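Enquirer: Each residue of the sequence shown is one higher than the one before, counting from 1 in this note's numbering. From the three backbone atoms N, C-alpha and C, an ideal C-beta is built for every residue, glycine too. Only a predicted model underlies this, so the values are computations on that prediction, with no experimental measurement involved.
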Amino acid sequence: MMGIFALEAGALLAALRGGEVSAAAVMAATLDRIAARNPAINAIVSLLDRDTLMAAAARADAVPVADRGALHGLPMAVKDLVATAGIRSTMGSPLYADHIPDRDDLLAARLRGAGAILIGKTNVPEFGLGSQSFNPVFGATRNPYDPTRTAGGSSGGAAAALAAGMLWLADGSDMMGSLRNPAGWNNAYSLRPSWGVVPAEPSGEMFLHALSTDGPMARCPADLALLLGVLAGPDPRMPHTRPLPPAPLAADVTGRRIGWLADWGGAWPMEDGILETCAAALESFAALGCTVEELAPPFSHDALWESWTVLRQFAVAGRLGAADDDPATRGALKPEAIWEIEAGRRLSAADIQSASLIRSDWYRCLAGLAERHDALALPTAQVWPFDIDTRWPDRVAGVAMDTYHRWMEVVIPVSLAGAPAVTVPAGFGAAGLPIGLQLFASRGGDMGLLQLAEAYHRATGWPQRRPPAFASAP
């Protein structure tokens with residue numbers, strides 16, 4: 001059964017539909033692999049017991065082929081920011097350490113509706129804040145390419161599980177690079193869809209900030225498209241949803257224009273080797289017939305950062321403020337959460353309006369850039385995966401970081417615009433650690449980005465370079 005782990009999700013699902021392999025056999029092999037590999041990296045948490053999951057797989061095998069969904073029989077673990085009925089859902093917080101929901105969030109419901117078998121959760125930082133997936137409930141997720149380093153975040157457990165060959169597909173979410181950073185650091189692909197393509201959970205305030213979105217992560221673009229097809233689609237309870245225009249994944253990318261923004265004209269410090277590795281990846285696009293040109297910064301980086309910090313503080317204060325108000329729960333919040341909440345509560349209406357105006361100006365600027373470029377490119381992070389015991393980098397290339405998330409400034413142009421961004425593996429640095437390249441476009445350009453990623457994947461095959469510790473192990 002070890003051969004199934006070499007298959008892409010699409011091929012495995014075809015084998016399940018064709019009766020070449022059973023859901024029970026896939027589940028047994030998956031649980032064996034998790035038992036062998038997960039202790040070293042701590043990517044999958046709240047795993048259900050074997051008897052429960054084998055019974056679920058047996059039920060899946062009994063479903064007539066005509067009644068099976070797109071993911072029927074595939075084991076999946078869901079990001080631990082998503083509520084899953086019957087599976088502990090903690091958000092990495094002691095406040096929810098024993099929380100077992102009685103209903104699924106929309107994302108989990110769509111996965112189950114497509115036939116996926118939910119086996120547990122993937123690890124996250126507390127409340128998803130930060131790009132280091134550690135929390136007081138489960139501890140830290142380690143990078144399969146070097147377990148002394150972080151897997152990133154906040155979808156760190158998802159990316160590490162893919163890299164270690166324990167899952168075929170994973171969901172993630174992205175507010176400040178949480179799909180892009182871990183995909184890049186784990187030699188995987190991800191898609192941050194255009195805002196509205198994958199609807200958010202229809203609860204609470206739904207109109208104002210919209211800085212984050214759910215999306216797929218996988219080891220190839222075809223599997224991204226497969227999972228996106230399950231997650232995407234409007235929900236009548238959610239405003240601002242948008243359809244995903246159909247388009248073939250395989251396409252001739254000759255003549256596509258890519259603008260390379262590098263370090264935004266020197267505005268963002270980068271560790272040695274990151275820009276060079278990403279530039280080499282762009283040469284692969286040039287070899288495919290794309291036109292790649294380096295661009296001057298199209299917008300003020302200071303203005304982008306000002307807008308981002310205000311709107312993020314506003315959003316976090318709204319989401320977590322009640323926990324901060326209660327003396328019984330405030331002590332369980334991590335310092336970064338308290339900092340965001342307190343800053344958010346000091347904001348005035350004028351502050352928020354000013355930040356939204358900057359955001360709007362940047363959205364219009366990006367729309368203009370899209371008239372001349374099919375995609376824009378940036379690294380997925382400004383640093384290589386760092387030591388697992390480091391909370392967050394306080395210096396990058398000798399430059400002091402003034403907040404816990406300043407070292408991830410490279411991801412905010414995409415997030416502010418609600419733009420789509422596909423992460424492709426860019427290669428490896430001198431220490432053997434991976435980094436990614438994010439290609440982004442104006443809102444609605446999702447399929448064009450997936451086409452670029454698919455052409456790149458066929459030409460390069462980076463995800464075939466497995467983590468050394470797991471390259472030959474069963």
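When you compare only the Cα positions, how much space is there between residue 5 and residue 168?
Expert: 8 Å
Enquirer: Can you name, in chain order, every residue of its own chain whose Cβ lies under 6 Å from the Cβ of residue 329, other than the five neighbours on each side?
Expert: 95 and 323
Enquirer: Out of 55, 93 and 35, state which residue places its alpha-carbon closest to the alpha-carbon of residue 320.
Expert: Out of 55, 93 and 35, 93 has the C-alpha closest to the C-alpha of residue 320.
Enquirer: Assign residue 276 to one of three DSSP states: helix, strand, or coil.
Expert: helix
Enquirer: What do you reckon, are the CB atoms on residue 258 and residue 278 nearer than 8 Å?
Expert: no
Enquirer: Return helix, strand or coil for residue 424, following the three-state DSSP convention.
Expert: Note: residue 424 maps to strand in three-state DSSP.
Enquirer: Tell me, please, whether the segment 168–177 touches the segment 76–83 by the rule of three or more beta-carbon pairs shorter than 8 Å.
Expert: These segments touch.
Enquirer: For the putative contact between residue 416 and residue 300, defined by C-beta atoms under 8 Å, what is the C-beta separation to the nearest angstrom?
Expert: Contact doesn't hold; Cβ gap of about 12 Å is too wide.
Enquirer: Counting only runs that start and end within the segment 312–352, where is the alpha helix (DSSP H) found for 4 or more residues in a row?
Expert: Within the segment 312–352, the complete alpha helix (DSSP H) runs of at least 4 residues are 327–330 and 335–345.
Enquirer: Counting beta carbon pairs with one atom in the segment 391–405 and one in the segment 456–473, are three or more of them shorter than 8 Å?
Expert: When Cβ pairs closer than 8 Å are counted between the two stretches, the segment 456–473 is seen not to touch the segment 391–405, the count staying below three.
Enquirer: Is the segment 124–144 in contact with the segment 52–64, if contact means three or more CB pairs nearer than 8 Å?
Expert: no
Enquirer: What residue range does the alpha helix (DSSP H) around residue 458 cover?
Expert: Looking at the DSSP string, the run of the alpha helix (DSSP H) that includes residue 458 is 446–460.
Enquirer: With respect to the beta strand (DSSP E) encompassing residue 216, which residues constitute its N-terminal and C-terminal limits?
Expert: 213–218
Enquirer: Opposite residue 379 in the DSSP bridges: which residues?
Expert: 437
Enquirer: Going by beta carbon distance, what residues of the same chain come within less than 6 Å of residue 380, once the five residues before and after it are set aside?
Expert: Apart from sequence neighbours up to five positions away, the residues of its chain that approach residue 380 with a beta-carbon distance below 6 Å are 180, 181, 184, 423, 436 and 438, ordered along the chain.
Enquirer: In angstroms with no decimal places, state the Cα-to-Cα distance between residue 126 and residue 195.
Expert: 24 Å
Enquirer: Out of curiosity, what's the CA-to-CA distance linking residue 35 and residue 49?
Expert: For residue 35 and residue 49, the distance between alpha carbons rounds to 12 Å.
Enquirer: For residue 143, list the residues DSSP reports as bridge partners.
Expert: 146
Enquirer: Using 8 Å as the threshold, is the C-beta distance between residue 371 and residue 268 below it?
Expert: no
Enquirer: Under DSSP, the beta strand (DSSP E) around residue 119 begins and ends at which residues?
Expert: 117–122
Enquirer: If we ignore side chains and look at the alpha-carbon of each, how far apart do residue 366 and residue 314 end up?
Expert: 24 Å
Enquirer: Using the beta-carbon count (16 or more within 10 Å), is residue 62 buried or exposed?
Expert: exposed
Enquirer: With 8 Å as the threshold, decide whether the Cβ of residue 367 is near any Cβ in chain B.
Expert: Considering every chain present, this structure includes no chain B. It has just one protein chain.
Enquirer: Report buried or exposed for residue 464, applying the criterion of at least 16 other Cβ atoms within 10 angstroms of its Cβ.
Expert: exposed
Enquirer: Residue 230 and residue 114 - do their beta-carbons sit closer together than 8 Å?
Expert: Taking the C-beta atoms as reference points, residue 230 is found nearer than 8 Å to residue 114.
Enquirer: Alpha carbon to alpha carbon, how far is residue 215 from residue 192? Give it in angstroms, no decimals.
Expert: 5 Å
Enquirer: To the nearest angstrom, how far is it from the Cα of residue 190 to the Cα of residue 266?
Expert: 26 Å
Enquirer: In chain order, what residues of the same chain have a beta carbon less than 7 Å from the beta carbon of residue 239, not counting five sequence neighbours either side?
Expert: 206 and 207
Enquirer: With a CB to CB cut of under 8 Å and the five nearest residues on each side skipped, what residues in its chain are close to residue 147?
Expert: 40, 41, 388 and 469
Enquirer: Can you tell me which of 124, 73 and 449 puts its alpha carbon nearest to the alpha carbon of residue 23?
Expert: 73
Enquirer: Using C-beta distances below 6 Å, list every residue in its chain close to residue 225, excluding the 5 sequence neighbours before and after it, in chain order.
Expert: 249 and 450
Enquirer: Going by alpha carbons, who is nearest to residue 25 out of 59, 343 and 355?
Expert: 59
Enquirer: Which runs of the alpha helix (DSSP H) fall wholly inside the segment 219–255 and span at least 4 residues, in chain order?
Expert: 221–231
Enquirer: Considering only residues of the same chain and omitting the five flanking positions on each side of residue 7, which have a CB-CB separation below 8 Å?
Expert: 15 and 168
Enquirer: What's the gap between the Cα of residue 67 and the Cα of residue 17?
Expert: 11 Å
Enquirer: Roughly how many angstroms lie between the CA atoms of residue 283 and residue 446, to the nearest whole one?
Expert: 22 Å
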